[in-house]
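Report on the following structure.
In UniProt numbering, the protein residues as written are 1 to 559.
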């Protein structure tokens, strides 16, 4: 069928079908989501390697304004953000508009107005393509939001719908304006590098080493796997061990810098008491003043194919649970939707001017020092992060400074860091044996921790499985070495106290990690060369020594 006939069918039957329950079997659903997009894809000026065509009649319930969008993949692949061509049906189905519009969900109002002005300046005054605000879709909130997003349009009526040939010519005209605006505003980016996990770690480690900073390849591997497992990582340790620098150089190595806005350092202040300090607030005039993290989120939403890195420097100078709880909660709401990761709202439209979501391409790394000026972490925070400890200091290790190579950054896309697993079933479908092996180990660990009330839940189990699955895919570390990191980063940080039950649990964990029993003398140097999980065994040994010396111990206290 021709576009003309397909559009007329939708306009003729949509109002009647809308009275019934939304179903994929409805003719309107078939026309808008399948038939019309397929017809558009056959047009020679819409090459499939550049344009995505998608239609919608709503999710769960019928939308007031069904639409069919044509999106340039260089700009956006989601109707929630960016700008694109979209056919919009009016609520009464008497009018159809071919528009050049923008995503209303994730586009701030000032940004929307700026783009509208830019597009309208490109289009000469002519009767057919209009650049005014006279489009009328209906009275619903959805219709009004869509009207506000339109920069240019061609109006059709049900009674006088043009021929199929004219509809195609009109679309080609609008595509021409779309391309002009894209070419004027979208800078030519260097080609992205498709790297394997192993190649990525090699490159990042070489780049950091070339900057004169000493980190082992294993430490870089662990940081990479931690970020891929969950976009929230805590780097702990004494001051001056380069916690911030390793993130900055990692980001720079893959093309994310302060200059291009894809690396942001946010110093945390001791007087932060709620999320407004990080996300923003509404002033007495009713205007929303975005916080530093919100600005990053908005930019990242415009460029979903690029990773964005945020460092919350000295994040425990204030209580993390107070100012970061909204972000943590939304991070836990991530889910698959149409093959993409989405989340609950971080800020509502009533506050921020648009619904603000946490994009999957934002990676948040907190640096912490544990001293008398800082606050401890709750289990809520520790459960949601990999906690990487940087206490190793080798001042006399200077060999790496000789003949430093020159390593150029590579332009790397979001795909390298993007999560592939959000639920345990995602991992189990690919590697069930790994899940079963890990679960068996964690059941034994929970048996040890249960008397303390420190046993782990499903979230920790799942994220350990994610970490180990990514490691297995990339062939980056041996299983036991990778599991050792997981114990150090997801389980041991939860342990602190002074009673006999903790001492018993630590000794049992030590046996599990070292495969021999402690002799009760913790003052000497521990030989962990034969341990199954040497890093965790050494940390537990330090915690037992602290418990013996001071009557209290914690993961966060030094040796």
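Each residue gets a CB set at the ideal place from its N, CA and C atoms; glycine is no exception.
Each of 119, 266, 490 was checked against the Cα of residue 386, and the nearest Cα belongs to 490.
At least 9 Å separates the beta-carbon of residue 496 from that of residue 417. Nearest to residue 355 by C-alpha distance, out of 499, 17, 344, is 344.
In this structure, residue 227 sits away from residue 4, with a CB-CB distance that is not shorter than 9 Å. Residue environment: residue 45 is assigned as exposed (fewer than 16 neighbouring CB atoms within 10 Å of its CB, all protein chains considered). Shortest Cα-Cα distance from residue 19 to any of 52, 55, 64 involves 64.
Taken atom to atom, the span from the alpha-carbon of residue 207 to that of residue 223 is near 15 Å. If you check the CB distance, residue 270 and residue 328 do not come in under 9 Å.
In the DSSP assignment, residue 292 falls within the unbroken alpha helix (DSSP H) covering 292 to 302.
DSSP places residue 148 within a helical segment (H, G or I) once states are collapsed to three. In chain order, 11, 14, 15 place their CB closer than 6 Å to the CB of residue 93, counting only its own chain and leaving out the 5 sequence neighbours on each side.
According to the DSSP assignment, residue 102 belongs to the beta strand (DSSP E) that extends over 95 to 102. Beta-bridge partners of residue 267 (DSSP): 313. With a cutoff of 9 Å on beta-carbon distance, residue 31 and residue 6 are scored as near each other.
The C-beta distance from residue 421 to residue 231 rounds to 13 Å, too long to meet the 8 Å contact threshold. Counting only unbroken stretches of 3 or more residues, the beta strand (DSSP E) elements lying wholly within the region 35 to 108 are 51 to 56, 67 to 72, 83 to 89, 95 to 102, in sequence order. Considering only 487, 461, 466, the residue with the shortest C-alpha distance to residue 388 is 487. Where residue 236 is concerned, the enclosing beta strand (DSSP E) starts and stops at 232 to 236.
Pairwise C-beta distances place the region 256 to 273 out of contact with the region 37 to 52, as fewer than three of them are shorter than 8 Å. With fewer than 16 other Cβ atoms inside 10 Å of its own Cβ, residue 504 counts as exposed. Distance from the Cα of residue 441 is smallest, within the candidate group 454, 461, 411, for 461. Per DSSP, residue 365 is one residue of the beta strand (DSSP E) stretching across 362 to 368. Looking at the backbone, the Cα of residue 99 and that of residue 77 are separated by about 17 Å.
9 Å or more divides the Cβ of residue 406 from the Cβ of residue 200. For residue 123, there is no enclosing alpha helix (DSSP H), as DSSP gives it neither H nor E.
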